[in-house]
Amino acid sequence: MTLYSKDGETATQVNFPGLKETREKGKTMLMIALVRGLVKGSPQNPRTVACFFCQNTDPRRNTAASILRGLIWMLAMGSAQLASIFHAMYQSKSNQLNGPNAIYALFSTLSAMLADCSRAFILIDALNECSSGTEREQLLDLIVAHAKSSKTKWLLSSRHDANIKQILMHEGQMLSLELNERHISKAVRAFIEQKTSELAKRNSYSLELTEKVKKELIAKPDSTVLWAALACKRLLKVPPRRALSTLQSIPPDLRDLCAQMLDQVFQINDEEDRHHCLRILRSVSLTFRPLSMEELITTTGLPLELLDSGLSNLIEFCGSFITVRKGIIYFVHQSARDYLLSDGAEGLFPTGFQEEHGIIVDRSLDAMSKTLRKDLCILRYAGASRRSASIDNRLRAIGYVRSFWVAHLMQYLGDISIDGPKYQDYFLDQGRVHKFLLKHLHWFEALGLIGEIDKGIMGLYSLEKKLAELPFENVLHHKRFVHDAMRAFRQCRAAVEKAPLQVYYSALIFSPEKSLVRQTFKQELGQWVSSFPRLSDNWGPCLQTLESHGGEIISVAFSPDGQLLASSSDDGSVWLWDAWTGKCLQKLEGHRGSVNSVTFLTGSTWPRALMTGVCLLTLDGHRDWVSSVTFSPDGQQLASGSHGPHRAALGCHDGGVPPDARGPWRPSLF
Numbered sequence: 154m155t156l157y158s159k160d161g162e163t164a165t166q167v168n169f170p171g172l173k174e175t176r177e178k179g180k181t182m183l184m185i186a187l188v189r190g191l192v193k194g195s196p197q198n199p200r201t202v203a204c205f206f207c208q209n210t211d212p213r214r215n216t217a218a219s220i221l222r223g224l225i226w227m228l229a230m231g232s233a234q235l236a237s238i239f240h241a242m243y244q245s246k247s248n249q250l251n252g253p254n255a256i257y258a259l260f261s262t263l264s265a266m267l268a269d270c271s272r273a274f275i276l277i278d279a280l281n282e283c284s285s286g287t288e289r290e291q292l293l294d295l296i297v298a299h300a301k302s303s304k305t306k307w308l309l310s311s312r313h314d315a316n317i318k319q320i321l322m323h324e325g326q327m328l329s330l331e332l333n334e335r336h337i338s339k340a341v342r343a344f345i346e347q348k349t350s351e352l353a354k355r356n357s358y359s360l361e362l363t364e365k366v367k368k369e370l371i372a373k374p375d376s377t378v379l380w381a382a383l384a385c386k387r388l389l390k391v392p393p394r395r396a397l398s399t400l401q402s403i404p405p406d407l408r409d410l411c412a413q414m415l416d417q418v419f420q421i422n423d424e425e426d427r428h429h430c431l432r433i434l435r436s437v438s439l440t441f442r443p444l445s446m447e448e449l450i451t452t453t454g455l456p457l458e459l460l461d462s463g464l465s466n467l468i469e470f471c472g473s474f475i476t477v478r479k480g481i482i483y484f485v486h487q488s489a490r491d492y493l494l495s496d497g498a499e500g501l502f503p504t505g506f507q508e509e510h511g512i513i514v515d516r517s518l519d520a521m522s523k524t525l526r527k528d529l530c531i532l533r534y535a536g537a538s539r540r541s542a543s544i545d546n547r548l549r550a551i552g553y554v555r556s557f558w559v560a561h562l563m564q565y566l567g568d569i570s571i572d573g574p575k576y577q578d579y580f581l582d583q584g585r586v587h588k589f590l591l592k593h594l595h596w597f598e599a600l601g602l603i604g605e606i607d608k609g610i611m612g613l614y615s616l617e618k619k620l621a622e623l624p625f626e627n628v629l630h631h632k633r634f635v636h637d638a639m640r641a642f643r644q645c646r647a648a649v650e651k652a653p654l655q656v657y658y659s660a661l662i663f664s665p666e667k668s669l670v671r672q673t674f675k676q677e678l679g680q681w682v683s684s685f686p687r688l689s690d691n692w693g694p695c696l697q698t699l700e701s702h703g704g705e706i707i708s709v710a711f712s713p714d715g716q717l718l719a720s721s722s723d724d725g726s727v728w729l730w731d732a733w734t735g736k737c738l739q740k741l742e743g744h745r746g747s748v749n750s751v752t753f754l755t756g757s758t759w760p761r762a763l764m765t766g767v768c769l770l771t772l773d774g775h776r777d778w779v780s781s782v783t784f785s786p787d788g789q790q791l792a793s794g795s796h797g798p799h800r801a802a803l804g805c806h807d808g809g810v811p812p813d814a815r816g817p818w819r820p821s822l823f
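If you read the sequence shown in the numbering used here, its first letter stands for residue 154, the second for the next number, and so on.
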């Protein structure tokens, strides 16, 4: 395990040598012990402590946004003063705290709360289980930037992860702590004592049997927390008289135990139950988030009547790989899923991962085609808010696939030849995808009901990119339609997220005369729409209008990776946007006058860090207003031009804040 921490201005690293990264030896238990120790503190020296424990298989615990929401909630619950700060931030940023780009507003809120704490400790466990990608990188960059400019002490734990290591080592903030075997064994032993005590109560063990089971569990040479948990779950299902013999038959190696569990599924006597269980394990292994019971019915294609009786039993038959909590199906641990997708894959996926993704796509399109219709939740009025919608089991059953069917399609077609029959089946004009899009404008209504219009827009981007690769002539209408739909939904995105039925009004009324979406779905308009505004025949060059500033916009700039757009105004504000969807990410304020120029620094954490809304540094020196700024190609120099007769060059330090830049930083004139 690796712990990463930042203590004021001093980096602290602690290494636990000899602990294999793939084995669960009690790393989370160590973090729990640290939290408990910090919370105790002393009345004379009070501390503010917030912690978050990531879990890959739980969507409430595996994203950067969920980490920040958890920390904010914990701080607010522990202090009335911090709760009032959150309330004030919520009032000003409520429209930014949800959705796929909420991370910056959330971190800004967290920063404001921490600024009010004299001594704050933030602990985040198992960062490697937070979904990798841009959001996790952004979170780490934001933490690094915050640690430089505040007294908050951060402690992050993770398995060895190259990406996490690269980001934190670059800032000189990572150390490796080695956890010796004595401490590991102590943590595992404590866990085993707790589990055997629970077993004894549940299964009415005698004191003698309880002690024998505990000793047998501890005696296993390679015992880990996960192995002990799986073994105890197995013991729950057997009577006391068979507890010891069952325990002795369990392989001591974790992989061998997983192999035994999967083999037991293959040996289920009832053929139908066996096939159902294998379907369940395939589905939960390949989906991109945990599924509800209703969603599992859709992705597996199991009979709907199993929801009322039978599905819970089938999940019990699936060895000890998965469990159900509050109607959501989770893996007992990430290692269980890892096994099914590695050592167990040959038996579980005889036709390969891609074919199973294709099966999920087919089931998704079939289920949505049967369920989707206009006004799914009987909202009746075009302006009815999505918050007033009542979601029934039919909609819950397609909850997962309406957001992820395109992602599964991309996985299915990944390595398949683009001139093959499978591509043609899905992408030709009047192919499966084309027919679905031509019929179901309702898909975007369904996405609007859960506030995930952005997923639909990004799905259309993926389809357009894939269609552009195809050499066939008979995909032209499909290409044009997808492009047109993307334009229409980007234009009406904000309206549909608030009122889903606007997809039948804003998207159609304000699209050009020759828009394919408008022509295809014109009959969906209500009878009260008697006339259309006069619009151009075709889409113009303007992709989307971003409205926000209270004054004149003076400067705009794209980030080097093209993901962000910054705009500045004479009202003294800078707004940051998601360049793909047009969603506002952050508003930066603090300038006393107009912001005449904005620019991004290539290859730096600054662009993301600045989206916290916290000013890292003020550069003084000009005698008049600054009219232009730009970074040198290597990021080591910042040139600023003012209205006066001088130009100024300011030296930078690796794209970050120079160590001595605590006060005014005077430029050198040339």
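The beta-carbon is built from N, C-alpha and C at its ideal position, and this holds for glycine as well.
Nearest residue (CA-CA) to residue i, options the options
i, options, result
"F663", "K651, E650, L293 and S684", "S684"
"A647", "P503, T698 and S780", "T698"
"E458", "N546, Y579, I706 and L362", "N546"
"A732", "S438, N422, D607 and A315", "D607"
"E617", "F634, R526 and L532", "F634"
"K318", "T181, Q417 and E290", "E290"
"A265", "T377, S726 and T305", "T305"
"G286", "L308, R387 and I320", "I320"
"A599", "E700, V559, D637 and E650", "E650"
"P443", "S284, S541, R387 and A537", "S284"
"T262", "E351, I275, Y243 and I481", "Y243"
"T752", "R745, G715 and H775", "G715"
"C507", "R435, P393 and M446", "First, the amino acid is wrong: residue 507 is Gln here, not Cys. Of the candidates R435, P393 and M446, the one whose C-alpha sits nearest the C-alpha of Q507 is R435."
"T363", "V378, R395 and W380", "R395"
"V437", "Q487, V727, K736 and W692", "Q487"
"L400", "E369, V418, D409 and L187", "E369"
Residue i, DSSP secondary structure in three states
i, result
"W778", "coil"
"W730", "strand"
"G612", "helix"
"S285", "coil"
"I512", "helix"
"H631", "helix"
"F597", "helix"
"L548", "helix"
"R637", "Just to set this straight, residue 637 is Asp in the shown sequence, not Arg. Helix at D637."
"A537", "coil"
"I706", "strand"
"T181", "helix"
"S310", "strand"
"R761", "At R761 the pLDDT is 49, less than 50, meaning the model places this residue with poor confidence; the figure from the coordinates comes in the next sentence. Three-state DSSP puts R761 in a helix."
"S722", "strand"
"T349", "helix"
"T752", "coil"
"T363", "helix"
Boundaries of the beta strand (DSSP E) in which residue i is found, first to last residue
i, result
"Y483", "I481 to F484"
"L738", "C737 to L741"
Where the alpha helix (DSSP H) containing residue i begins and where it ends
i, result
"Q789", "It is not in any alpha helix (DSSP H) - Q789 carries neither H nor E in the DSSP assignment."
"V554", "V554 to Y565"
"D714", "Unbroken run through D714: none, as it is neither H nor E."
"D406", "Neither: D406 is in no alpha helix (DSSP H) and is coded neither H nor E."
"I256", "I256 to L267"
"W380", "V378 to L389"
"S274", "As written in the sequence, residue 274 is Phe, which differs from the Ser given in the question. No alpha helix (DSSP H) contains F274, which is instead part of the beta strand (DSSP E) from A273 to D278."
"S398", "A396 to S402"
"Y358", "Segment: none, Y358 is in no alpha helix (DSSP H) and carries neither H nor E."
"K588", "R585 to K592"
"F580", "P574 to F580"
"A660", "S659 to I662"
"V682", "Run containing V682: none; DSSP gives neither H nor E here."
"A542", "Where A542 is concerned, there is no enclosing alpha helix (DSSP H), given that its DSSP letter is neither H nor E."
*Which runs of the alpha helix (DSSP H) spanning at least 4 residues fall entirely within the segment 188-237, listed in chain order?*
217-231
*Taking contact to mean at least 3 C-beta pairs separated by less than 8 Å, is the segment 273-280 in contact with the segment 200-211?*
yes
*Inspect the CB distances between the segment 210-225 and the segment 299-319 and report whether three or more fall short of 8 Å.*
no
*Which ranges would you report for the beta strand (DSSP E) in the segment 412-494 if only whole runs of at least 3 residues count?*
475-478 and 481-484
_Validate contact between the segment 342-359 and the segment 381-395 using beta carbons, cut 8 Å, 3 pairs_ = yes
*Counting pairs of Cβ atoms below 8 Å between the segment 521-541 and the segment 422-430, do you hit three or more?*
no
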